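Numbering (my numbering), first residue to last: 1 to 404.
Spelled out as structure tokens, the structure:
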């Protein structure tokens with residue numbers, strides 16, 4: 001617990017009500033505990049000293065808002081500007097200051113979000129990411145992951161680990177030594193199965209190494225609709241070949257070549273139906289399925305959208321905001337027009353590190369502030385953000401980052 005404190009305590013943001021939160025040791029500004037912020041490089045000016053007598057945030061306020069003189073005496077210029085512009089504090093003695101867990105949009109603590117902070121995750125392996133396909137049963141995903149790493153329990157693996165085994169691959173007549181390459185690539189059944197599916201897909205690869213075959217499917221030139229099917233086609237082939245091997249080795253029965261191809265066709269067909277439920281008459285046979293998706297042309301429907309003038313004697317404010325990277329450098333803008341469509345006022349401003357939602361909300365707030373300041377009423381606010389519209393209308397819960 002003590003080791004985790006240093007990493008997670010700055011993720012707790014205190015929302016001001018009474019203002020009893022400690023000025024220096026709690027994160028109430030959104031940039032971390034101030035005793036840490038002011039000690040990080042670059043160092044504060046030489047004349048800057050931490051005022052240890054200042055304890056509660058409420059001491060930084062007057063009846064009309066922030067005490068600008070005290071802020072100027074207490075903090076460096078960049079922190080002073082951040083507090084004045086970004087920290088909302090509507091003093092209220094009715095409620096205690098409220099902690100918000102910043103990694104979640106709801107502001108509520110979750111074990112999963114804390115784990116993501118503490119785990120120090122390594123960069124994602126792009127090939128592992130392609131192996132784990134969303135929607136596949138976990139047993140198939142685990143199997144292909146083990147096969148990729150050469151950990152499937154075949155006779156050659158037991159022998160490499162020092163176990164004496166009498167190896168015999170039961171799917172061949174006469175039986176041959178059981179190896180990964182023989183089960184999944186070189187056996188007569190495996191070769192015929194790969195030939196059927198590789199030729200239909202137009203994938204050219206020598207059946208020598210498992211990694212080589214999988215990568216050939218991933219890098220094959222195909223249309224966008226076929227890409228998810230090409231990603232999992234080798235996984236399904238390996239899985240059915242492995243099931244065939246186990247069935248014959250356990251003496252349960254015999255799986256014919258035609259039966260194996262039928263299972264693969266059906267599995268790929270079901271996946272296509274799940275991925276594209278709106279497409280009619282998807283073929284069941286793999287070669288026909290490839291031709292179907294290659295010849296598919298979507299219906300394009302266009303809809304004209306025009307800006308409407310506000311009512312007579314009304315004003316309309318159009319807002320927009322975005323961040324590059326989400327989070328990343330953000331900016332917002334808004335434009336106010338009268339009922340003739342003439343521009344009354346325009347503002348655009350950068351807001352530093354932000355998210356798309358915060359930037360969109362900032363645009364609306366600044367537009368409304370200008371409207372109140374200039375008494376431009378009645379007013380219509382238009383935003384291109386459906387998310388903000390749902391927040392304003394009360395249909396969705398407002399995240400802590402824009403709640404106030």
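Each residue gets a CB set at the ideal place from its N, CA and C atoms; glycine is no exception.
These numbers come from a predicted model, not from an experiment.
Endpoints, alpha helix (DSSP H) assigned at residue i
i: residue 406; result: Because the chain spans 1 through 404 in this model, residue 406 falls outside it and cannot be assessed.
i: residue 356; result: 356-374
i: residue 148; result: 138-148
i: residue 201; result: 188-201
i: residue 74; result: 68-74
i: residue 211; result: 210-218
Alpha-carbon spacing of residue i relative to residue j, whole angstroms
i: residue 388; j: residue 357; result: 7 angstroms
i: residue 19; j: residue 147; result: 58 angstroms
i: residue 252; j: residue 183; result: 18 angstroms
i: residue 279; j: residue 299; result: 11 angstroms
i: residue 364; j: residue 6; result: 36 angstroms
i: residue 399; j: residue 14; result: 14 angstroms
i: residue 187; j: residue 281; result: 35 angstroms
i: residue 290; j: residue 225; result: 10 angstroms
i: residue 204; j: residue 185; result: 14 angstroms
i: residue 344; j: residue 337; result: 5 angstroms
i: residue 12; j: residue 112; result: 15 angstroms
i: residue 94; j: residue 227; result: 58 angstroms
i: residue 107; j: residue 83; result: 20 angstroms
i: residue 64; j: residue 81; result: 17 angstroms
i: residue 347; j: residue 314; result: 19 angstroms
i: residue 327; j: residue 119; result: 21 angstroms
Three-way DSSP call (helix, strand, coil) for residue i in this model
i: residue 245; result: helix
i: residue 132; result: coil
i: residue 273; result: helix
i: residue 36; result: helix
i: residue 4; result: helix
i: residue 389; result: helix
i: residue 258; result: helix
i: residue 227; result: helix
i: residue 282; result: coil
i: residue 112; result: helix
i: residue 265; result: helix
i: residue 183; result: helix
i: residue 345; result: strand
i: residue 22; result: strand
i: residue 351; result: strand
i: residue 62; result: strand
Sequence-distant residues of the same chain with beta carbon closer than 7 angstroms to residue i, five excluded per side
i: residue 312; result: 339
i: residue 240; result: 260, 263 and 264
i: residue 32; result: 10
i: residue 323; result: 329, 330, 354, 355, 356 and 359
i: residue 67; result: 60 and 61
i: residue 391; result: 398
i: residue 296; result: 225
Opening and closing residue of the beta strand (DSSP E) in which residue i lies
i: residue 332; result: 328-337
i: residue 28; result: That residue, residue 28, is in no beta strand (DSSP E); it is neither H nor E in DSSP.
i: residue 380; result: 379-383
i: residue 12; result: 12-15
i: residue 101; result: 98-101
i: residue 322; result: 315-323
Own chain, CB closer than 8 angstroms to residue i, minus 5 neighbours either side, in chain order
i: residue 352; result: 329 and 330
i: residue 180; result: 147, 150, 152, 154, 156, 157 and 210
i: residue 231; result: 130, 133, 217 and 218
i: residue 56; result: 19, 20, 21, 22 and 23
i: residue 266; result: 284
i: residue 145; result: 128, 131 and 132
CB-CB length for residue i against residue j, believed under 8 angstroms
i: residue 97; j: residue 16; result: 6 angstroms
i: residue 257; j: residue 189; result: 6 angstroms
i: residue 360; j: residue 383; result: 6 angstroms
i: residue 197; j: residue 115; result: Between residue 115 and residue 197 the Cβ distance is about 40 angstroms, and since that is not below 8 angstroms, they are no contact.
i: residue 274; j: residue 135; result: 7 angstroms
i: residue 101; j: residue 89; result: The pair is not a contact, with the Cβ atoms about 20 angstroms apart (cut-off 8 angstroms).
i: residue 381; j: residue 317; result: 5 angstroms
Cutoff 9 angstroms: residue i Cβ touching any chain D Cβ
i: residue 66; result: No chain D is present in this structure, which holds just one protein chain.
Neighbourhood of residue i by C-beta, 6 angstroms cutoff - its chain only, sequence neighbours within 5 removed
i: residue 277; result: none
i: residue 269; result: 284
i: residue 140; result: 239
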